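Below is one structure, written out as structure tokens; the observations come after it.
Protein chains: 2
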Amino acid sequence: MANIYDVARLAKVSTATVSKVLSNTPYVSQHTKKRVLEAIEKLHYSPSLAARGLTGSRTYVIGLVVPYDPDYLFSDPFLLEVIRGVESVANDNDYNVLISMAKSADQRSAYTKLVRTGYVDGAVTLETFEGNIASKVLEEQGIPFVSIGYSDAPNRHNSVSASDYTGAYEAISYLIKLGHSRIGIICGPSHFMSALEERMRGINDALQAHAIELDSSLLTYGDFTLDSGYKACNELLSSENRPTAIFAMNDRMAMGAMRCAREYELHIPHDLSLVGFDDIPMAVLVEPPLTTVRQPAVEMGRCATQKLLEMINADVREFESIVLPAELIIRSSAAAPHWGRANS
Amino acid sequence: MANIYDVARLAKVSTATVSKVLSNTPYVSQHTKKRVLEAIEKLHYSPSLAARGLTGSRTYVIGLVVPYDPDYLFSDPFLLEVIRGVESVANDNDYNVLISMAKSADQRSAYTKLVRTGYVDGAVTLETFEGNIASKVLEEQGIPFVSIGYSDAPNRHNSVSASDYTGAYEAISYLIKLGHSRIGIICGPSHFMSALEERMRGINDALQAHAIELDSSLLTYGDFTLDSGYKACNELLSSENRPTAIFAMNDRMAMGAMRCAREYELHIPHDLSLVGFDDIPMAVLVEPPLTTVRQPAVEMGRCATQKLLEMINADVREFESIVLPAELIIRSSAAAPHWGRANS
DNA sequence: CTGAAAGCGCTTACAG
DNA sequence: CTGAAAGCGCTTACAG
């Protein structure tokens, strides 16, 4: 494979000059530029990113830090959509992406593995825990990064997230307007991330706005998997004072709940209303199609990557954190309770 | 960040020696080895993969060549499962994976983009077209790779695939045994890949074994998306002599067909039987759960990566291609036609 | 506008 | 068992 010397020789210039036309430096005469370009073409030359990485310049690879293990990641359609967004703009801009995942139970390892490579131009991180300790690793290395989700920094810079609070608020308000007052909640793992706290706030505020108080027996927890939604729903439905509606903090758990409801021979939405969160592609495919709060997952990934590329190329150091709207998508899994009446 | 000189200085040895303990070369005295290790520990040293890449030794990153654009890839649950397998064993072995995708309509670019980086230890490729030209790029560079799917080489080496022929054969045989003789086929894009040809062979052989001949009006094509399955099914159902069963070459198209059947007010499986291919996670979630041919997607990814790692580390040059079994998973979307009777 | 030379952080023969 | 030195393929000041 041809290297820069081969090109220089063929074009009868120095390697410095070749390097300059490669990086589009001005002040290279049209004439020599043309010669160099021809040589590059002829030799099918393309620069070694490894060498570039060493000299500390662009490598055109960005890291994607995923603090989960592969099995977790690939079973989460929402996360996958986020990654799709990242890959999409990276690809459009001729960047490659190096995915660094955690060894199970060691989220931090995803960060250190990435740093070790020593050649990423920047990174997009998926935040999980509030501590946000891991991203310090990137800061120390001076690697620009933008995080998707929350960061705990007092003023949240360089992150993009969805409006979890509003989304949850609207979901609950909608259910209340339909006539529900006993609303079961299937929360995510409590210690998990601040997005969930935001949603919890939204739920509580919506409830309070309508003078409804949240019966603690109505609050259950899952771990985002379908099975955990099934179990949580079972908990809810087996209690003596059943809820008439359930709000699950992601769609997979909502689908677990759906399955559980079916076993109780409860018709959705006639006997039980259900609202999810995320709006994963599968949400329209189930029966009935799921009413859910849409997070703009792909857009979050795209936006974060866009911003990262700006940081890398335009030398932007910091940007105000971006909060993308989460909106309620009304489909067919929620309706007025059949003994109540809509009071909107 | 500490480099190898810092370590050498602290341990009072040469960089060569540090390098040796790093690569676990024998013939390094226990004593100096210990000193070096301590220095590494103390400085939190970890070698720059960029530098390693330059010297032509291990970088611990493998490439994953995906000859599709991100939007295509991320909407294909089957491919995602394959990738999950790749990521999984890579991660277990402390390898990072660099995903190289194609710019739309230029499959080859995924290969060249990867090669350009100059620092992958090897690659797993997802084959699509029969030409298999693209992998020549890797061969020329001397990058070891294993391809998932078919390669056209006379004796197929270094690839792992599923037994498409058998899978399709069984699906059709099953339908025939249930009592169907008019079986509609929703094929993938015809020029697409040899896996489809294999399935076509399986279909034809199964049909012939029962002396049924394939009416050409029963053969339709889709492009693997749900919508295309919908359309193909529509074609099939709007003809005057409807099939009583449909075999789709992937699950997404089968789900599109399911939706279409619903609009025709056809009950599945009572009025129309449906068999898919792949067994994506969603297949159990739809109503009714889909009978389908399971491809061991994750296992294919795992196996390919395993083999690649052997090639890299054990210096294996070649292995007999591996064909993993595809098996029919019987669920609830196929049954005897209601005017027919099972004749098995 | 162009080039000579040093340097990025490793590894690899080659001596000793 | 250990180290000096060259080299991997670039880029970047610095001169000219």
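Protein chains in written order, with numbering that gives the first Met the number 0: chain A, 0 to 343; chain B, 0 to 343. Ideal Cβ positions, reconstructed from N, Cα and C, are used throughout, including at glycine. What you are looking at is a predicted structure, and each value in this text was computed from that prediction instead of being measured.
G121 of chain B: member of the beta strand (DSSP E) spanning G121 to L125, first to last residue.
Going by DSSP, N203 of chain A is part of the alpha helix (DSSP H) stretching over S193 to A208. A101 of chain A and G228 of chain B have their C-alpha atoms some 37 Å from each other.
Its chain contains T14 as the residues whose beta carbon lies nearer than 8 Å to that of Y4 of chain B, once the 5 sequence neighbours on both sides are disregarded; these appear in chain order. Leaving aside the five residues that flank S162 of chain B on each side, the residues in its chain whose CB is nearer than 6 Å to its CB run, in chain order, V322, P324 and A325. With respect to F73 of chain B, R83 of chain A sits close: the two C-beta atoms are nearer than 8 Å. The beta carbon of Y263 of chain B is closer than 6 Å to those of L236 in its chain, skipping five residues each way along the sequence.
By the criterion of a C-beta distance shorter than 7 Å, G62 of chain A is surrounded in its chain by L97, S99, L113, V119 and A122, once the five residues flanking it on both sides are discounted. Taking a beta-carbon distance threshold of 8 Å, R83 of chain B counts as an interface residue toward chain A.
Interface criterion met: the Cβ of G117 of chain B is under 8 Å from a Cβ in chain A. Taking the CA atoms as reference points, L265 of chain B sits about 35 Å from P242 of chain A. The Cβ atoms of V136 of chain A and V145 of chain A lie no closer than 8 Å to each other. Spatial neighbours of G255 of chain B in its own chain (CB-CB distance under 7 Å, excluding positions within 5 residues in sequence) are listed in chain order as L225, D226, S227, G228, Y229 and C232. Just so you know, the alpha carbons of G183 of chain A and L217 of chain A end up roughly 5 Å apart. Along the region 271-313 of chain A, the alpha helix (DSSP H) occurs as fully enclosed runs of 4 or more residues at 296-312, listed in sequence order.
Of all C-beta pairs linking the region 166-174 of chain A to the region 204-212 of chain A, three or more are shorter than 8 Å, placing the two stretches in contact. Within chain A, no residue has its beta carbon less than 8 Å from that of N23 of chain B; the closest one is some 17 Å off. In the three-state scheme derived from DSSP, where H, G and I count as helix and E and B as strand, N92 of chain A is classed as coil. Here Y44 of chain A is buried: its Cβ has 16 or more other Cβ atoms, across all protein chains shown, within 10 Å. DSSP links D105 of chain B through a beta bridge to B:K102. By the rule that beta-carbons nearer than 8 Å mark a contact, G52 of chain A touches chain B. Take the alpha-carbon of V65 of chain A and the one of P76 of chain A: they are about 14 Å apart. Any Cβ of chain A closer than 8 Å to the Cβ of P69 of chain B would place that residue at the interface, and such an atom is present. About 6 Å separates the beta carbons of L284 of chain A and V285 of chain B, which is inside the 8 Å limit, making them a contact pair. Taking a Cβ-Cβ cut-off of 9 Å, the neighbours of L48 of chain A in chain B comprise A49, G52, R115, T116, G117 and Y118, given in sequence order. Residues of chain A with a Cβ closer than 8 Å to the Cβ of M299 of chain B do not exist, since the nearest Cβ in that chain sits about 14 Å away. Between L79 of chain B and L79 of chain A a beta carbon distance of about 7 Å is seen, short of the 8 Å cut, so the two are scored as contacting. DSSP, read as helix, strand or coil, puts A161 of chain B in strand. Contact with chain A is absent for E40 of chain B, since none of that chain's Cβ atoms lies less than 8 Å from the residue's Cβ. Listed along chain A, no residue sits closer than 7 Å to I61 of chain B by beta-carbon distance, the nearest being about 11 Å off.
Counting only Cβ-Cβ distances below 8 Å, N95 of chain B has contacts in chain A at L97, I98, S99, K112, L113 and T116, in chain order. If you check the CB distance, P69 of chain B and N90 of chain A come in under 8 Å. Annotation: Cβ neighbours of Q140 of chain B in chain A (cutoff 8 Å, chain order): M0. Distance from the Cα of M310 of chain A is smallest, within the candidate group A:N157, A:L21, A:N92 and A:T111, for A:N157. Think of a sphere of 9 Å around the beta carbon of E319 of chain B: no beta carbon from chain A falls inside it, the nearest being about 27 Å out.
V17 of chain A and A7 of chain A do touch by the CB rule: their CB atoms are close to 5 Å apart, below 8 Å.
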